[in-house]
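A short write-up of the structure that comes next.
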Amino acid sequence: MSKRSRTSRPALMATAATAALTLALAGCGSNTDSSHSSAMPGMDHSNTPSHSASAGAMASMPGMDTASTGNGLTAAKDGYRMTSTTSGLPSDRSADYRFTVTGPDGRPVTDFAVDQTQRMHFYAVRTDLTGFQHLHPTMAKNGTWTAPLAALQPGTWRLYASFTPNSGSGKGKHLVLSRTVKVSGMPMTTALPKASGTTTADGYTITVKGGPMAGMAHRLTTTITKDGKPVTDLQPYLDTYAHLTAFHQGDLAFAHLHPETKADGDHGGPALTFHAEFAQPGNWRLYLQFRTDGKLHTAALTLHVN
612 MSKRSRTSRP
622 ALMATAATAA
632 LTLALAGCGS
642 NTDSSHSSAM
652 PGMDHSNTPS
662 HSASAGAMAS
672 MPGMDTASTG
682 NGLTAAKDGY
692 RMTSTTSGLP
702 SDRSADYRFT
712 VTGPDGRPVT
722 DFAVDQTQRM
732 HFYAVRTDLT
742 GFQHLHPTMA
752 KNGTWTAPLA
762 ALQPGTWRLY
772 ASFTPNSGSG
782 KGKHLVLSRT
792 VKVSGMPMTT
802 ALPKASGTTT
812 ADGYTITVKG
822 GPMAGMAHRL
832 TTTITKDGKP
842 VTDLQPYLDT
852 YAHLTAFHQG
862 DLAFAHLHPE
872 TKADGDHGGP
882 ALTFHAEFAQ
892 PGNWRLYLQF
902 RTDGKLHTAA
912 LTLHVN
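For any residue, its number in my numbering is found by taking its place in the sequence shown, counting from 1, and adding 611.
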């Protein structure tokens, strides 16, 4: 055997071994990625997946399914339906909006549980999130609710009914249903203010702190000051010291942020905590309502949710 033949065989063997090792490592890498993903559910959203993978991960998060969480984007859920014969309202003057909640049997529901001192919470929000009203309508014996809306600006509004049936198959289950109405006139769209942790209302400064992430429970802390001094004379409002509601930019998904501080006398503040769960990432418009000296104040700010 020549010297050339003797040296080429080891080289060929080394090349073959290297190729085999490369294939083995490639196979291991593929298997590792697959097993990692399946063994640690919910971890995909912390990496940088493709758009389709990200959408799948978001859909699997608790609370991400609008239809199942009752985020207010439908008029019917679990057999309950919000019905109304009103599809349009006048602009620039007050108007009554009448609606009924029917149950799985098709009949009007008349038995509702009390939630934060009320049997029905009603919200009106314009599609650009520049308008907001929070009302507590009255119910007639036949189950028809009447919400006395203040003057609305022209455009499309979404009207939400937030309630808990006190009987029937949905007893004890909180539901949020909604319908849209057109308000007559030429609508003037206003751009949503940029995300900010601070806003003002009626001379009060409100600061919101927290790092909310979509599909996860977080705490938001609001602090209220006036003239640079902490506010400590908040009065009870709906059995707490503040009420916080949020709406998602674009689709107007609804989120009610539950207060963790129970009202006890006229000495609330300056800091209040809320249990927050936002179903979707993006910008949310927050509306904080609180009472001082018998007057109700409403503050609004834009919060970005990752």
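Just so you know, even glycine gets a beta-carbon here, dropped at the ideal spot from N, CA and C.
Helix, strand or coil for residue i? Go by DSSP, reduced to three states.
i	result
Phe-885	strand
Arg-709	strand
Leu-634	Low confidence applies here, because Leu-634 scores a pLDDT of 32, under 50, leaving its location unreliable and the question unanswered by this model.
Gln-727	coil
Met-824	coil
Met-750	strand
Met-797	coil
Pro-555	Shown here, the chain extends from 612 to 917; a query on residue 555 therefore has no answer.
Gln-891	coil
Ser-698	coil
Val-819	strand
Ser-789	strand
Ala-864	coil
Lys-906	strand
Leu-831	strand
Ala-758	strand
Please check the pair residue i and residue j, which I expect to be a contact at CB under 8 Å, by giving their CB distance rounded to whole angstroms.
i	j	result
Leu-849	Gln-744	Actually they do not touch by this definition, with Cβ atoms about 15 Å apart.
Pro-870	Val-842	Actually they do not touch by this definition, with Cβ atoms about 16 Å apart.
Leu-786	Tyr-691	6 Å
Ala-874	Glu-888	Between Glu-888 and Ala-874 the Cβ distance is about 22 Å, and since that is not below 8 Å, they are no contact.
His-878	Asp-844	6 Å
Taking the C-alpha atoms as reference points, what is the distance between residue i and residue j?
i	j	result
Ala-772	Met-799	26 Å
Leu-912	Thr-811	9 Å
Thr-749	Gly-861	30 Å
Ala-910	Ile-835	11 Å
Thr-791	Ala-735	9 Å
Val-908	Gly-876	The sequence shown places His at residue 908, not Val. Rounded to the nearest angstrom, the two C-alpha atoms are 18 Å apart.
Thr-697	Asp-707	10 Å
Leu-770	Ser-789	5 Å
His-747	Trp-768	17 Å
Gly-893	Lys-837	30 Å
Ser-778	Ala-687	17 Å
Gly-821	Lys-840	21 Å
Ala-724	Met-693	17 Å
Gln-729	Val-712	16 Å
Tyr-897	Leu-914	It should be noted that the sequence gives Leu, not Tyr, for residue 897. Between Leu-897 and Leu-914, the C-alpha separation is close to 7 Å.
Gly-683	Ala-864	6 Å
Thr-809	Gly-766	28 Å
Asp-689	Gly-814	44 Å
Thr-633	Asn-917	Per-residue confidence for Thr-633 stands at a pLDDT of 36, beneath the threshold of 50, marking its modelled position as unreliable; the derived number appears in the next sentence. Rounded to the nearest angstrom, the two C-alpha atoms are 39 Å apart.
Ser-795	Ser-705	13 Å
Arg-780	Thr-685	The sequence shown places Ser at residue 780, not Arg. Spanning the two alpha carbons is a distance of roughly 19 Å.
Lys-793	Trp-895	23 Å
Ala-890	Asp-716	30 Å
Ala-758	Lys-782	23 Å
Gln-846	Ile-817	16 Å
Phe-774	Met-797	33 Å
Val-819	Ser-695	37 Å
What are the partner residues of residue i, as DSSP defines its beta bridges?
i	result
Ala-735	Gln-744 and Leu-770
Pro-776	Phe-723
Tyr-898	Thr-856 and Ala-911
Val-920	Because the chain in this structure spans residues 612 to 917, residue 920 falls outside the shown range and cannot be described.
Arg-704	Arg-704 is not bridged to any residue.
Gly-879	Leu-845
Lys-688	Tyr-691
Lys-837	Tyr-815 and Lys-840
Thr-872	Answer by DSSP bridge pairing: none, since Thr-872 is not bridged.
Would you check whether the ligand ATP has a heavy atom nearer than 7 Å to the C-beta of residue i?
i	result
His-747	In terms of ligand content, the structure shown is empty, and the ligand ATP therefore cannot be addressed.
Output yes if chain B places a C-beta closer than 8 Å to the C-beta of residue i; else output no.
i	result
Gln-744	In the displayed structure, chain B is absent; only one protein chain is listed.
Indicate whether the contact test is met: 3 or more Cβ pairs, each with one atom in the segment 750-759 and one in the segment 715-733, closer than 8 Å. yes
Assess contact between the segment 821-835 and the segment 799-807, defined as three or more Cβ pairs (one per stretch) separated by less than 8 Å. Is contact present? no
Does the segment 701-708 touch the segment 761-770, meaning 3 or more C-beta pairs lie closer than 8 Å? yes
Inter-stretch contact at 8 Å, needing at least 3 Cβ pairs: the segment 896-908 / the segment 842-858: yes
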